[in-house]
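All you need for our numbering is the position in the sequence shown, starting with 1, plus 3. Quick notes on the structure that follows.
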Amino acid sequence: LRSLSIIPPCARKAFLRGQLSSNVRRRMPIRPYTTTDWTQLCTVHDSARKDELAASGLLDAFLTLEQTAENEGLFDGQVLVYESEGLVRGFVAFADQELTWLYVDPACYRLGIGRKLLRHAIEACGGNISTEVLVGNDSALQLYLSEGFRILRRVDGKLTGNESFAASGYVLQRSAGDA
Numbered sequence: 004l005r006s007l008s009i010i011p012p013c014a015r016k017a018f019l020r021g022q023l024s025s026n027v028r029r030r031m032p033i034r035p036y037t038t039t040d041w042t043q044l045c046t047v048h049d050s051a052r053k054d055e056l057a058a059s060g061l062l063d064a065f066l067t068l069e070q071t072a073e074n075e076g077l078f079d080g081q082v083l084v085y086e087s088e089g090l091v092r093g094f095v096a097f098a099d100q101e102l103t104w105l106y107v108d109p110a111c112y113r114l115g116i117g118r119k120l121l122r123h124a125i126e127a128c129g130g131n132i133s134t135e136v137l138v139g140n141d142s143a144l145q146l147y148l149s150e151g152f153r154i155l156r157r158v159d160g161k162l163t164g165n166e167s168f169a170a171s172g173y174v175l176q177r178s179a180g181d182a
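As structure tokens, then:
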């Protein structure tokens, strides 16, 4: 049982039952954000954002969710969370057919949580949705491409939320019927 320490906490029960992949796919409790989720949302964002920025060579640009949520419009649209065993493991935010936030607890990467949250956003937007991805964030880019997004263009400019840093990103679009 020492090997359980390498299994993310959100997947241990399923692993022990031998049902990791089927359990993760079938039982994804996604619900609307409530104010009681705030502390956990910050924890998920802050740890995952560091990974995102590190992959893009921008770790020094890190700001906490507490510092950026209001200015970057986290609550301007709909915010959904994925909850497992009483803990928020990921969240997605979207408004006006734009995906604005998608983060998953690093302990739960590659379990389908991000994909499930993304699919909820796509469905809520009627299949027409856009987003932006930092150059270097290959995991996110591959997820979006696998869900029918296409790269419209590359943009170079300032990092949204921390404009003292130069950044490059891709503008992605998905249209209804794309898959």
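Virtual Cβ for every residue (Gly too), placed ideally from N, Cα, C.
N- and C-terminal bounds of the beta strand (DSSP E) containing residue i
{"i": "Y147", "result": "Careful: Y147 lies outside any beta strand (DSSP E), inside the alpha helix (DSSP H) at 141-149."}
{"i": "T163", "result": "That residue, T163, is in no beta strand (DSSP E); it is neither H nor E in DSSP."}
{"i": "E101", "result": "101-107"}
{"i": "S171", "result": "169-177"}
{"i": "P35", "result": "33-35"}
DSSP beta-bridge partners of residue i
{"i": "I132", "result": "R177"}
{"i": "L90", "result": "S87"}
{"i": "A98", "result": "E101"}
{"i": "R113", "result": "In the DSSP output, where bridge partners are listed per residue, R113 has none listed."}
{"i": "V158", "result": "G172"}
{"i": "V138", "result": "According to DSSP, which records beta bridges pairwise, V138 is partnered with nothing at all."}
First and last residue of the uninterrupted alpha helix (DSSP H) at residue i
{"i": "R52", "result": "41-58"}
{"i": "R118", "result": "116-127"}
{"i": "E183", "result": "Shown here, the chain extends from 4 to 182; a query on residue 183 therefore has no answer."}
Cβ distance (whole Å) where residue i is taken to contact residue j below 8 Å
{"i": "G117", "j": "A98", "result": "That belief does not hold up - the Cβ atoms of G117 and A98 are roughly 19 Å apart, past 8 Å."}
{"i": "C126", "j": "G172", "result": "Contrary to the premise, residue 126 reads as Glu rather than Cys in this sequence. Not confirmed; about 25 Å, so no contact."}
{"i": "L83", "j": "P35", "result": "6 Å"}
{"i": "Q43", "j": "V91", "result": "4 Å"}
For the stretch 38-51 against the stretch 101-109, are there 3 or more C-beta pairs whose distance is under 8 Å?
At 8 Å Cβ cutoff, the stretches touch.
Looking at C-beta atoms only, is the number of pairs between the stretch 59-78 and the stretch 130-144 that lie closer than 8 Å three or more?
Put simply, the stretch 59-78 touches the stretch 130-144. At least three CB pairs are less than 8 Å apart.
Do the stretch 170-179 and the stretch 69-78 make contact, defined as three or more Cβ pairs closer than 8 Å?
Three or more Cβ pairs closer than 8 Å define a contact, and the stretch 170-179 falls short of that threshold against the stretch 69-78.
Does the stretch 115-127 come within contact of the stretch 153-164, defined as at least 3 CB pairs closer than 8 Å?
Below 8 Å, too few C-beta pairs join the stretch 115-127 and the stretch 153-164 to call them touching: fewer than three.
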